[in-house]
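Step one of this worksheet: look at the structure below.
In full-length UniProt numbering, the protein residues as written are 1 to 119.
Here you go:
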């Protein structure tokens with residue numbers, strides 16, 4: 001997965017953004033499987049880099065120059081809002097105590113912002 005989408009030079013379709021969210025949900029599925037089969041520590045190790053990528057994307061798209069563009073496109077705004085929700089609703093790093101909450105947030109907010117992304 002590319003670290004960032006180039007909102008400044010490209011306009012992404014809703015379908016492209018749904019695919020991006022589905023990519024993230026693939027990580028959710030694998031982490032959830034690890035959580036159930038091997039326990040929270042395995043799931044945490046797996047999902048931490050994904051959480052970091054989500055946080056980095058959210059931070060990158062929060063820049064004023066990017067926000068100007070994002071605010072004009074409904075799909076890109078929904079994607080940004082999804083990143084913001086996932087990034088900010090679980091405070092601090094993902095741990096064995098909050099892994100379930102973080103994974104639930106990933107899926108719940110994807111369902112809210114991109115209902116067609118959920119299979």
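By construction, the Cβ of each residue, glycine as well, lies at the ideal position given by its N, Cα and C atoms.
As the structure is a computational prediction, the values presented were derived from the model and not from experiment.
Near residue 85, what residues of its chain come up, given a Cβ to Cβ distance below 6 Å and the 5 sequence neighbours on each side ignored?
109
Where does residue 25 fall in DSSP's three states?
Of the three classes helix, strand and coil, the one that applies to residue 25 here is helix, per DSSP.
Can you give the Cα-Cα distance for residue 91 and residue 81, rounded to whole angstroms?
17 Å
In angstroms, rounded to a whole number, what distance separates the CA positions of residue 30 and residue 40?
Approximately 12 Å between the Cα atoms of the pair.
Just checking my contact of residue 117 with residue 18 at CB under 8 Å: how many whole Å lie between their CB atoms?
5 Å
I need the boundaries of the alpha helix (DSSP H) containing residue 11, first residue and last residue.
Premise fails: residue 11 is in no alpha helix (DSSP H) and is neither H nor E.
How many angstroms separate the CA atom of residue 5 from the CA atom of residue 67?
Those two C-alpha atoms are separated by around 13 Å.
Taking a contact to mean a Cβ-Cβ separation below 8 Å, would you say residue 44 touches residue 8 in this structure?
no
Sequence-distant residues of the same chain with beta carbon closer than 8 Å to residue 74, five excluded per side
14
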